[in-house]
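Chemist: Starting off with a structure, shown below.
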């Protein structure tokens, strides 16, 4: 069997094998790394190589406590680089894998589940409004999510519009298919990390290795602004930035271009922002990460109220921590080593979630102080005074924001058209596809800011509103509609000021009435409005207005339950205007019973009053 | 009697077994059945030349199987089975089954995704044996999800001892001759150095789809895709029974039995190809 030639071949083969083994052995010894391989009793060989300080996110997620694999997956037991990295998640927190990373059992399982259902992940409201504006649905309620839209093999014209212009702004978007307004894609976290991981500090476009970002529950406002600096632009408004445009006629004394190049103007910031408060100081965990319930739109998820911190004018039932059912907050407090006695007073959000950083600041529970979650600083939360300004008859429907919001972003023209010959990124396909949606403005009618209009919400509340969509659509090339819309939207502008609008700024203001800019002349006998930017071939309607004066039907909005003031409501508001020249303060005695005061004027029982006689009876 | 390499397959088998046993002795202190995959990682990446020892062990085991099968074919073709006593021939046929079982035990001892999949299949097959299924599973494979102590015990002890004893009886010698050992060591050493063995995927990161078992049992996997689990032990036992029975046949019945064994080998290859095609399609 074993002739000499065969043995020679075998020896030669063995020599080759031993040389190969020697090389393999050398690389094995070199690749072992020098870092630790055990974390909290677990094998975590990732650290053998990734043990540099810049590899450590620090804080509660420090590598010394967790290692790498709980977040990044892979094979922590492997000594081989390729196998260790197999199945690795480069974007921990991405919602499609969050159940195995942030949301794994024992970590943040309930939060990951809630976030996946939350408006920031599903964007149901955006999908619904977009379809309604395109005339594809009658009502602004829809069950579809942005993920449905992005996955649809045959999207409708409205959905195509969404996929090409707005589809990159939701928590489900991966880094390379994301459209963050303030950050370049590769510097972003995804899903949970979109908020909880601060942007990576860039070392230039060619930097091969970037340090690990800190992971923190304390989300800075800059993370919110990545998405919320668009559409309603509440992040910008809160910071005192009003986006303008080249076509805007509005003058700006203090231009402040945004990081992504959009022109903006520095104006009055929200009083809370000026006081150093962050978004998360007010907004509760149920709003930011969802409460597990599917909401048709983001506003339905908002739980914080002004009254939660500042109290109302009526005496509310005193609540204590013993009444609190929210286990999540209790767990967080326990994690932070904080204790709340069951008898301690607590203020709650609209659905019962405690504002845990708001605490009674004295033994008598008379005052409250709110501790900043980012800076740890305590601030006095002043309580709403029970005075005439806040208890005036006829103002019962007013929300706090209706009076205390100083301005709201405006855009009097938005021309949306489809160019079939163009090409544009499709966030559903994840690549450039044929067809391009273009949005531009009428010169002189670009973006700006103005006092909010007043909207009636669900018939029960008066709230601020702004021109959400004064637009024209030319989408016939995409088998879509052609036409124009004049829709306002109601939202809290996040431009709260301590000093509220004056009586004149509502009762004699064309903007407040939804008329837009122009000249409003009010007497008891006659009221006229001359628009500053009249809409061609339409009587007395301003380009930036919602409705005409005394309209036959109120103006519509992006939501079914929101409308402008109707003619009767406008008349009631304007009915005060003639008195304001002499009786400008809410504390004035004539407002105690305003109807009776007017009746006295008409009966000539107030000889010093110089306003006109009563207007003729209305049709 | 054939000469040269063809006539030395039995001695090469014994040499491979000796190399396998020797390298196994080196690996035993490094292996922990309670942390099987961790052990493999340690052997493959943490111990100097551990990967080489593991490679020698595995390549020698496969050499034992391949040389053993070729030796059986060689013996049957040359009519050498008649030269062995009936009892020895039957025990030698069983030796082939023992080698398969020992190799399967070694595969399961890896503790990776494929190994745990194979363990589940092996337990399922044994469970399908009437009356003694459950005790057979406990006795051969153990019952813990990832506890491989029983498997390791049989691999290192029971099967190794039985293979050694039956080999000694079959070849009338306990140790291989020097030339076979040198040739086997050269080939096995060359393969261990040139083709380092990978460590399989951890169970939690394994890709979904069909998991491949050891290459020499993929034919069985292909068969079991559609056949009931009992076929997993009935068919191998039938093949071994036929192999043992050949010794008693002459003339056309012997030729028919040999043709059946050849067909079984072809079917084995066919089922292997089928499984590999399906497994590729599910990934």
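Protein chains in written order, with our numbering: chain P, 508 to 1126; chain S, 237 to 519.
Just so it is clear, CB atoms sit at the ideal spot from N, CA and C, and this is done for glycine as well.
Comparing the C-beta of residue 252 (chain S) with each C-beta of chain P, is any distance below 8 Å?
Modeler: So, not an interface residue.
Chemist: Which same chain residues, not among the five before or five after residue 504 (chain S), have their C-beta less than 6 Å away from its C-beta?
Modeler: Result list for residue 504 (chain S): 455, in chain order.
Chemist: Mind checking whether residue 304 (chain S) and residue 249 (chain S) have CB atoms under 8 Å apart?
Modeler: Against a cut-off of 8 Å, the Cβ pair of residue 249 (chain S) and residue 304 (chain S) comes out as a contact.
Chemist: Does any residue of chain P have a CB that is nearer than 8 Å to the CB of residue 336 (chain S)?
Modeler: No, its Cβ sits nowhere closer than 8 Å to a Cβ of chain P.
Chemist: Taking 8 Å as the threshold (C-beta atoms), are residue 955 (chain P) and residue 780 (chain P) in contact?
Modeler: No; because the gap between Cβ atoms is not below 8 Å, this pair is not in contact.
Chemist: Could you check the C-alpha separation between residue 292 (chain S) and residue 525 (chain P) for me, to the nearest Å?
Modeler: Computed Cα separation, rounded: 12 Å.
Chemist: Could you spell out the range, first to last residue, of the beta strand (DSSP E) harbouring residue 954 (chain P)?
Modeler: Residues 954 to 957.
Chemist: Helix, strand or coil: which one does DSSP assign to residue 980 (chain P)?
Modeler: Strand.
Chemist: Output needed in chain order: residues of the stretch 392 to 424 of chain S with a Cβ under 8 Å from some Cβ in chain P.
Modeler: Listed by position, the residues of the stretch 392 to 424 of chain S near chain P (Cβ gap below 8 Å) are 415, 416, 418, 419, 421, 422 and 423.
Chemist: Report yes or no: do the stretch 1011 to 1021 of chain P and the stretch 1081 to 1091 of chain P share at least 3 C-beta pairs separated by less than 8 Å?
Modeler: Taking 8 Å as the limit for Cβ pairs, the verdict is that the stretch 1081 to 1091 of chain P does touch the stretch 1011 to 1021 of chain P.
Chemist: Can you tell which of S:244, S:440 and S:479 has its C-alpha closest to the C-alpha of residue 352 (chain S)?
Modeler: When each option's Cα is compared against that of residue 352 (chain S), the closest is S:440.
Chemist: Can you tell me whether DSSP reads residue 336 (chain S) as helix, strand or coil?
Modeler: Helix, per DSSP.
Chemist: For a contact defined as C-beta to C-beta under 8 Å, what are the partners of residue 585 (chain P) on chain S?
Modeler: Neighbours of residue 585 (chain P) on chain S, chain order: 277, 281, 435 and 438.
Chemist: Between which two residues does the beta strand (DSSP E) holding residue 571 (chain P) run?
Modeler: Unbroken run through residue 571 (chain P) is the alpha helix (DSSP H), 570 to 573; no beta strand (DSSP E).
Chemist: Buried or exposed: which applies to residue 1059 (chain P), given that a residue is buried once 16 or more other Cβ atoms fall within 10 Å of its Cβ?
Modeler: Exposed.
Chemist: Could you tell me which residues DSSP pairs with residue 939 (chain P) in its beta bridges?
Modeler: Residue 939 (chain P) is bridged to P:932.
Chemist: For residue 973 (chain P), which of P:741, P:564, P:644 and P:627 has the nearest alpha-carbon?
Modeler: Closest option to residue 973 (chain P), Cα to Cα, is P:741.
Chemist: Going along the stretch 1044 to 1070 of chain P in order, which residues come within less than 9 Å of chain S, judged by CB to CB distance?
Modeler: The stretch 1044 to 1070 of chain P vs chain S, Cβ under 9 Å: nothing.
Chemist: Could you check if residue 423 (chain S) belongs to the surroundings of the ligand NAD, using beta carbon to heavy atom distance under 7 Å?
Modeler: By its list of ligands, the structure shown contains no ligand whatsoever, and the ligand NAD lies outside what it can speak to.
Chemist: Can a CB atom of chain S be found closer than 8 Å to the CB of residue 535 (chain P)?
Modeler: At least one chain S Cβ lies under 8 Å of residue 535 (chain P).
Chemist: Using the three-state DSSP reduction, which class does residue 1004 (chain P) fall into: helix, strand or coil?
Modeler: Three-state DSSP puts residue 1004 (chain P) in coil, outside helix and strand.
Chemist: Tell me which residues share the same chain as residue 860 (chain P) and place their Cβ nearer than 6 Å to its Cβ, disregarding the 5 neighbours each side in the sequence.
Modeler: For residue 860 (chain P), where only same-chain residues beyond five positions count, the Cβ hits under 6 Å are 791, 793, 810 and 833.
Chemist: Go ahead and label residue 334 (chain S) buried or exposed: buried means 16 or more other beta carbons lie within 10 angstroms of its beta carbon, across all protein chains shown.
Modeler: Buried, by the Cβ-count rule.
Chemist: I want to know whether the stretch 763 to 781 of chain P touches the stretch 743 to 750 of chain P - three or more CB-CB distances under 8 Å.
Modeler: The stretch 763 to 781 of chain P vs the stretch 743 to 750 of chain P: in contact.
Chemist: How would you label residue 836 (chain P), buried or exposed, when you count the other beta carbons within 10 angstroms and need 16 or more for buried?
Modeler: Residue 836 (chain P) should be labelled buried.
Chemist: Compute the distance between the beta-carbons of residue 998 (chain P) and residue 1021 (chain P), then report whether it is under 8 Å.
Modeler: Not a contact, by the Cβ cut-off of 8 Å.
Chemist: In angstroms, rounded to a whole number, what distance separates the CA positions of residue 1043 (chain P) and residue 922 (chain P)?
Modeler: Whole-angstrom Cα-Cα distance: 16 Å.
Chemist: With a CB to CB cut of under 7 Å and the five nearest residues on each side skipped, what residues in its chain are close to residue 342 (chain S)?
Modeler: So the list reads 297 and 391, once near-sequence residues are dropped.
Chemist: One question on the structure: do residue 750 (chain P) and residue 763 (chain P) come within less than 8 Å of each other, judged by their Cβ atoms?
Modeler: Contact: no.
Chemist: Within the chosen definition, does the stretch 637 to 654 of chain P reach the stretch 955 to 969 of chain P through at least 3 CB pairs nearer than 8 Å?
Modeler: The stretch 637 to 654 of chain P is not in contact with the stretch 955 to 969 of chain P.
Chemist: Would a check of beta-carbon distances place residue 954 (chain P) closer than 8 Å to chain S?
Modeler: So no, residue 954 (chain P) is outside the interface.
Chemist: Against chain P, with Cβ distances strictly below 8 Å, would residue 274 (chain S) count as a contact?
Modeler: It does: the Cβ of residue 274 (chain S) has a partner Cβ on chain P nearer than 8 Å.
Chemist: Using 10 angstroms around the beta-carbon of residue 379 (chain S), count the other beta-carbons present and answer buried if the total reaches 16, otherwise exposed.
Modeler: So residue 379 (chain S) counts as exposed.
Chemist: Can the beta-carbon of residue 317 (chain S) be found closer than 8 Å to that of residue 325 (chain S)?
Modeler: Result yes, Cβ atoms of residue 317 (chain S) and residue 325 (chain S) sit closer than 8 Å.
Chemist: Listing by chain order, which chain S residues have their CB less than 8 Å from the CB of residue 740 (chain P)?
Modeler: By Cβ distance, chain S contributes nothing, its closest Cβ being about 43 Å from residue 740 (chain P), past 8 Å.
Chemist: Is the Cβ-Cβ distance between residue 1023 (chain P) and residue 1038 (chain P) less than 8 Å?
Modeler: For residue 1023 (chain P) and residue 1038 (chain P), yes; Cβs fall inside 8 Å.
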